[in-house]
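The letter at position 236 of the sequence shown is residue 236 when you use our numbering, and the numbering goes up by one with no holes.
For every residue, glycine included, the Cβ atom is placed at its ideal position computed from N, Cα and C.
Computed from a predicted model, the values in this text were never measured in an experiment.
Step one of this worksheet: look at the structure below.
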Amino acid sequence: MKQTAIITGGTGGMGLATARILGRDHRVVIADLNQRRLDEAVASLGEDGIEAHAVYCDITSRQSVADLFREAGSAGTLRAVVHAAGVSPQMGDAETMVSVNALGTIHVTEAALAVAAEGFALVNVASSAAHMAPRPLVPRRSYRLAFKDPARLASRLVARAGLAPHRLRSGLAYSLSKNFVMWYSQEMAGRFGARGARILSVSPGSFDTGMGRLENKSGSHKLLEYAALHRYGKPEEIGEVLAFCASDRPGYLTGIDILCDGGTKAGMDLKGTLSMARGD
């Protein structure tokens, strides 16, 4: 019997691309909020001979995430999770960014740790924006609230985003929430390692996905001016990175973030960073 891999946000560009790769040797369970998209994704994967199962899941609900993991594990060994579900600045306000990206990652990570065993891997999707978050505004001390009071953590992240002008608050909340995902994945490495399991994050840059195109409205396309490759990434390119990290091949890879941004950070100086932060 094939082992199982969960892909949250499995109907999106990155998630679906990852499912196609992991589906070569795993039974994949894709999770999303949109049942129509779930049905279409399962049908598309089935045409490629991939065994796929769809589960409706709201990652902002701890119970919904628990239900996802229970259903995914009912048909065999759950070996990997790629947590690709998330929202970007054009998709909601600061509260939405934090609830989905930060609290959702806590829920998925806690559920993954509860079932983690030897050879298990969790890959959380952060963002290149996590690397660009203005350091003076990053409330790192508050991040530890994730372990005892996640609701208070959420309030602090939203409050910190509120320091920005109104038009930039969603963007700052997005950067902070993804910076938290990167930090949290590293902090949890020891707990997963005690079970012989791995956890890491991957930070995509500008990719040609529905979400990526949506963010052109906020000026994200300007990042390509700094990128070494001067183009958008392809969904299958980041899918390969996510699937490899979730596979059993990089067995010593854990507690780290992998930046996959086409060389954008490498080509961005302080002036460019400040310009993007201001939304110029």
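query	result
Given G119 as reference, the closest of T77, E95, Y143, L153 once Cα atoms are compared	T77
Burial state of H107 (16 or more Cβ within 10 Å)	buried
Of the residues R36, M211, A41, S44, the one placed nearest Y232, counting alpha carbons only	M211
Nearest candidate by alpha-carbon position, reference D25, set V202, A129, G49	G49
Any alpha helix (DSSP H) of 4 or more consecutive residues that is wholly inside the region 63–148	94–97, 104–115, 129–132
Integer Cβ distance of G46 from I30, believed to fall under 8 Å	About 12 Å; that fails the 8 Å criterion.
Alpha helix (DSSP H) segment containing P354, residue limits	No answer is possible for residue 354: it lies beyond the span of the chain, which begins at 1 and ends at 280.
7 Å Cβ cutoff met for A112 and A66	no
Where F180 falls, given that 16 or more other Cβ within 10 Å makes a residue buried	buried
Minimum C-alpha distance to H83 - residue among V100, N124, P89, D58	N124
CA-to-CA distance, F207 to P235, given in whole angstroms	7 Å
Host beta strand (DSSP E) of Y56 (start-end)	52–56
Where K148 falls, given that 16 or more other Cβ within 10 Å makes a residue buried	exposed
Cβ contact check for the region 154–174 and the region 95–102: 3 or more pairs under 8 Å	yes
Residue burial classification, P136 (beta-carbon count within 10 angstroms, cutoff 16)	exposed
Straight-line Cα distance separating A133 from L22	31 Å
Cβ-Cβ distance between D39 and G10 below 7 Å	no
Meets three-Cβ-pair contact criterion under 8 Å: the region 193–201 and the region 253–272	yes
Exposure label - T131; buried when at least 16 CB within 10 Å	The question names Thr, yet the displayed sequence has His at residue 131. Answer is buried; the Cβ neighbour count reaches 16.
Alpha helix (DSSP H) segment containing S61, residue limits	Unbroken run through S61: none, as it is neither H nor E.
As assigned by DSSP and simplified to three states, the class of P165	coil
Sequence-distant residues of the same chain with beta carbon closer than 6 Å to G239, five excluded per side	A17, T18, I21
Unbroken alpha helix (DSSP H) run spanning L229, endpoints	Here L229 belongs to no alpha helix (DSSP H), and DSSP marks it neither H nor E.
Where N101 falls, given that 16 or more other Cβ within 10 Å makes a residue buried	buried
A75 vs I6 beta-carbon contact at 7 Å	no
Alpha-carbon to alpha-carbon, M268 and S247	32 Å
Other residues of its chain near T60: CB distance less than 7 Å, five sequence neighbours each side excluded	S99, V100, L103, G104
Reduced DSSP category for A194 - H, G, I as helix; E, B as strand; rest coil	coil
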